[in-house]
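Heads up: the protein sequence lines correspond to chains A and B, in order.
Our numbering applies: residue 1 is where the first sequence begins, and numbers increase by one.
Our numbering applies: residue 485 is where the second sequence begins, and numbers increase by one.
Ideal placement from N, C-alpha and C gives every residue a C-beta, glycine not left out.
All of these numbers come straight from a predicted model, not from anything done at the bench.
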Amino acid sequence: MFEKTLAELAQGLSSGEFSSVELTQAYLDRIKAEDGQLNSYISVTEEQALAQAEAADQARAAGEAGAFTGLPVAHKDIFCTQGVRTSCGSKMLDNFVSPYDATVIEKFNAAGAVMLGKTNMDEFAMGSSNESSFYGPSRNPWDKDRVPGGSSGGSAAAVAGRLAPAATGTDTGGSIRQPAALCGITGLKPTYGRVSRYGMIAFASSLDQGGPMTRTAEDAAMMMNVMAGFDQRDSTSLDREVPDYTLKLNESLAGLKIGLPKEFFSDDIDQEIAAQVQCAIKEFEALGATVKEISLPNTHLAIPAYYIIAPAEASSNLSRFDGVRYGYRCENPVDLEDLYKRSRGEGFGAEVQRRIMVGTYALSEGFYDAYYKKALQIRRLIQQDYVNALQEVDIIMGPTTPHPAFKLGEKTSDPVAMYMEDIFTISLNLAGMPGMSVPCGFAQGGLPVGLQMIGNYFAEERLLNAAHQFQQATDWHKQSPVNA
Amino acid sequence: MEWEAVIGLEIHAQLATKSKIFSGASTAFGAEPNTQACAVDLALPGTLPVFNTEALRMAVMFGLAIDAEIGYTSVFDRKNYFYPDLPKGYQTSQLFHPIVGIGHVDIELEDGTTKRVGVTRAHLEEDAGKSLHEEFPSMTGIDLNRAGTPLLEIVSEPDMRSAEEAVAYVKKIHSIVTNLGICDGNMAEGSFRCDCNVSVRYKGEEEFGNRTETKNINSFRFIEKAIKGEIERQIDLLEDGGTITQETRLYDANKDETRSMRSKEEANDYRYFPCPDLLPIVIDDEYVSKLRDTLPELPDARKARFIEQFKLSDYDAMVLSAYRDLGSYFETVADKAGDAKLAANWVMGELSRHLNQNDTEIANSPVTAEMLGGLLQRISDNTITGKIAKQVFEALWAGEGSSADEVIEAKGLKQVTDTGAIEAMVDEVIAANQPQVDQYVNAEPEKRGKMIGFFMGKVMQASQGKANPGQVQGMLKQKLDALAG
């Protein structure tokens with residue numbers, strides 16, 4: 001049962017092979033037994049999950065079941081969930097029980113989904129390894145001494161470790177795609193504005209985007225059918241029709257034009273990763289696609305620009321955590337300044353504090369033009385690179401990460417080395433287009449390799465179609481660390 | 485050398501929207517603390533702002549009213565600072581691209597001349613909550629009901645040279661925003677408040693002196709007093725060889741003085757940057773011209789019309805045109821009474837006095853414009869005297885009747901114009917006051933005019949004020965002169 005995809009579970013529920021309560025209970029039992037090793041959940045919401053499953057079974061009995069009714073999913077602990085702790089991986093919000101549901105959560109509830117729990121993550125989504133979580137790092141199911149990636153590391157570990165059939169994640173600089181690659185699962189960062197950010201705790205507002213983390217592209221399409229859509233509570237969400245993402249999965253790839261940016265195949269990347277990605281591209285050629293080399297000339301500027309824009313927005317977004325209204329408050333503050341300093345000093349971890357400092361500095365009087373404004377100009381250049389490239393080709397492909405999963409603690413003392421792990425994912429958030437990571441092989445030591453696929457604005461359907469066709473022809477996505 | 489003050493003002497006008505600028509919570513004043521603050525106003529994690537376009541409409545209306553450049557693309561920025569009643573840790577405002585650009589208003593000076601004051605800009609922003617320091621010993625209470633209320637911050641050029649000019653400017657802006665219906669103008673509730681930037685220099689100098697900013701003054705009188713006091717303080721300090729520190733000051737109305745709040749060195753670096761949660765606001769000519777069509781008549785235009793149409797004096801026209809309610813009240817009265825000068829006198833006199841004494845808005849006046857117009861009609865057509873009219877007004881104010889005619893009828897206040905009845909009263913008074921009649925008869929003819937007042941008084945008394953004074957006077961003169969031969 002734990003090897004089944006969402007689509008297969010939906011089949012099982014509708015054929016009566018098992019009930020949602022049985023399915024949910026099985027997952028809850030497995031989480032209880034196995035998550036001690038993976039630490040992929042911050043909260044397991046057993047009681048609510050069983051109540052939702054019960055309601056889903058009743059709805060099915062009443063003939064009111066939809067495509068998602070009764071399917072269990074896990075949610076990254078960045079999405080506010082009413083009546084449930086929403087920690088964002090931080091001591092700051094360890095005591096925060098949200099009084100409302102994020103739009104994404106509302107949509108899953110309305111679709112009849114069952115929430116298994118809230119998954120582990122880097123604190124406030126700032127990290128590429130899950131090591132900045134207040135709740136301790138989640139671990140990579142393929143090698144428990146290694147990181148699952150981040151920031152949606154808990155979601156990736158849970159899906160790969162068969163502790164959830166699917167999960168939500170968020171991607172600000174690669175936080176869905178990178179952990180999906182490192183854990184051997186499928187992850188999709190939609191077009192900025194496609195999924196509502198309301199109730200998704202902000203890291204960098206102009207970059208954050210929620211999306212699915214699943215076993216297969218087909219499952220990602222099912223998740224997108226629930227998650228995507230305009231939300232009048234999010235001014236940056238786009239009022240544009242949502243297709244049924246499962247409809248075009250089986251279209252042929254004949255004539256698909258693939259572009260390989262030369263900047264993504266530099267000598268710096270792991271050669272096994274490069275080899276696996278090249279093999280995957282051969283597979284696409286066999287499916288009828290044509291391949292050409294392209295250039296994204298400003299790629300090298302993405303990390304510097306990102307590490308101005310994202311911390312600048314974060315420094316402001318995280319100001320609300322001040323110990324006044326909710327969240328962590330220091331003990332016995334002597335005055336207002338002491339309250340602020342100690343609540344924030346004690347409530348935020350080191351990486352979050354580092355980024356707040358960087359962002360505050362970048363926005364300071366006298367530095368704004370040199371840093372923030374310049375970074376916005378670079379952002380435009382990067383965006384233009386993608387726009388130009390996607391006039392020539394349909395999908396841009398390359399590795400999701402330069403290396404496979406690294407060891408816990410390996411990069412914690414060198415933030416810049418950690419930031420460089422996002423070198424292939426970050427530029428896409430600056431541009432706003434959708435991107436996926438799909439499993440495309442294994443590197444030495446049996447560590448998964450991810451193929452990144454990038455499409456034009458709102459080309460999620462095309463990406464899912466290409467990924468699904470690839471997964472029909474390969475079985476990388478079927479490999480399981482549980483059976484390995 | 486003579487000193488000169490340089491004054492620039494920042495006015496915060498609360499826009500009269502029903503809901504807040506970025507959330508659906510109500511903006512009504514006076515509710516229980518924190519009952520009008522939703523998840524967005526409380527800045528709960530994950531919440532996002534959605535712009536209330538009603539605030540945009542109001543800001544553009546203001547821009548049109550002061551003949552300003554309209555920002556066809558305006559952008560919200562975040563002004564970052566920590567304060568307990570600022571829930572997000574930043575105020576959403578507009579620094580780089582405000583909705584209203586350069587404009588101007590004309591103010592009337594005491595010498596009857598007009599002065600043009602430049603408006604640098606007006607931008608939209610959200611209000612903060614309130615910190616309550618007194619209610620809780622050794623603690624501070626936070627009320628976030630006001631957080632997110634839309635404000636239009638109107639920034640003037642440093643064009644004013646005296647406290648009087650500053651007040652005239654504030655009154656003009658007050659009258660414009662209330663006329664447009666975009667602000668209730670209630671200064672006591674903080675709906676309209678003012679920061680005053682003041683510096684002094686020797687007359688004729690180009691350079692500005694160091695300025696101070698006195699914050700959040702909420703009455704016309706306090707603005708005048710605070711500015712006067714600050715000008716004096718600065719001049720005294722400079723004449724004693726001191727220097728002015730650039731600082732923020734607070735006006736203490738109880739002590740009638742300003743005191744230092746924080747100096748420039750302690751000032752925040754607000755780290756403004758465009759708010760990534762809100763899209764730029766883009767408007768087009770069609771939007772603006774549609775709003776231009778809905779613009780009501782503004783005080784300056786109304787004043788000119790009152791002078792032209794009703795032949796009012798400049799002063800009367802200015803007073804009566806300043807507020808929409810007052811202006812239309814006056815017009816109704818004038819139309820009905822058929823005598824604009826009489827209407828102006830009554831509206832600015834008897835009516836205003838009653839409104840002030842009872843602290844009543846003109847919209848809630850128990851004497852409606854229709855009622856007052858009806859009353860003045862009865863003065864014009866000699867049904868009642870002006871003196872009786874005041875009695876009728878009192879009765880109407882007290883709710884003793886729904887029209888002047890009703891009160892006049894019920895109380896029998898109708899003027900006596902019947903010649904026979906007046907003659908009878910005149911004869912009676914002459915007969916009853918023989919000594920005064922003798923005096924009159926023996927007086928020089930040119931002195932008799934003044935002496936007739938005594939008989940007038942007696943007859944009016946006998947008629948309980950109802951006899952037509954013109955008729956009485958005529959008849960007295962005729963009869964007394966006849967006695968004098």
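Rounded to whole angstroms, the gap between the alpha carbons of B:K599 and B:E649 is 9 Å.
In this structure, the alpha-carbon of B:C759 lies about 46 Å from that of B:S849. Chain B places a beta carbon closer than 9 Å to that of A:Q232, counting this residue as a contact. In the assembly as shown, B:L493 is a buried residue. Its beta-carbon has 16 or more other beta-carbons within 10 Å. A contact between stretches requires three or more CB pairs, one per stretch, nearer than 8 Å, and the stretch 524 to 543 of chain B meets this requirement with the stretch 500 to 508 of chain B. In the three-state reduction of the DSSP assignment, A:K407 falls in the strand class. When the Cα atoms are used, B:Q575 and B:P533 turn out to be separated by approximately 12 Å. When the alpha-carbon of A:R380 is set against those of A:R240, A:Y306, A:L238 and A:D77, the nearest one is in A:Y306.
A check of alpha carbon separations from B:P783 across B:M802, B:H838, B:S836 and B:P582 identifies B:M802 as the nearest. Not a single CB atom of chain A sits nearer than 9 Å to the CB of B:L616. Not a single C-beta of chain A is nearer than 9 Å to the C-beta of B:D736.
Per DSSP, the continuous alpha helix (DSSP H) segment holding A:N109 begins and ends at T103 to A110. In the assembly as shown, A:R462 is a buried residue. Its beta-carbon has 16 or more other beta-carbons within 10 Å. If you compare the alpha carbons of B:T557, B:K563 and B:E553 with that of B:G585, the shortest gap goes to B:E553. Using a CB distance cut-off of 9 Å, B:I626 counts as an interface residue toward chain A.
In the structure shown, the three-state DSSP call for B:R677 is strand. Among the residues facing chain A, B:P568 is included, as its CB has a counterpart in that chain under 9 Å away. Residues of the same chain with a CB within less than 6 Å of the CB of B:I791, apart from the 5 flanking positions on each side, are A801 in chain order. The beta carbon of B:I892 lies closer than 7 Å to those of R862, T867, I868, V876 and K898 in the same chain, with the five residues before and after it left out. Contacts with chain A (Cβ-Cβ distance below 8 Å) from the stretch 559 to 585 of chain B involve R562, N564, F566, P568, P571, K572, G573 and Y574, listed in chain order. In this structure, the beta-carbon distance from B:G674 to B:N702 falls below 9 Å.
Taking 9 Å as the threshold, the shortest C-beta distance from B:L763 to chain A falls below it.
At least one CB of chain A lies nearer than 9 Å to the CB of B:G530. In the DSSP assignment, B:D965 falls outside any beta strand (DSSP E) and within the unbroken alpha helix (DSSP H) covering P953 to A968.
Look at the stretch 164 to 208 of chain A and you find these whole runs of alpha helix (DSSP H), each 4 residues long or longer: 177 to 183. Listed by position along chain B, the residues whose Cβ is nearer than 7 Å to that of A:G199 are G530. In this chain, the beta strand (DSSP E) harbouring A:M453 covers L447 to I454. Shown here for A:D338: same chain residues with a beta carbon closer than 8 Å to its own, the five before and five after excluded, namely C330 in chain order. Closest option to B:M671, judged by alpha-carbon separation, among B:R685, B:N663 and B:N700: B:N700.
In terms of Cβ geometry, B:V817 and B:G857 form a close pair [threshold 9 Å]. Shortest Cα-Cα distance from B:K739 to any of B:M959, B:R786 and B:G713 involves B:G713. If you ignore the 5 residues before and after B:G596, its C-beta comes within less than 8 Å of the C-beta of D798, all in its own chain and listed in chain order. Not a single CB atom of chain B sits nearer than 9 Å to the CB of A:F68. Residue state for B:Y924 is assigned as helix, using DSSP reduced to three classes.
Neighbours of B:F535 across chain A, judged by C-beta separation under 9 Å: S235.
Contacts with chain B at 9 Å (Cβ-Cβ) include A:T360.
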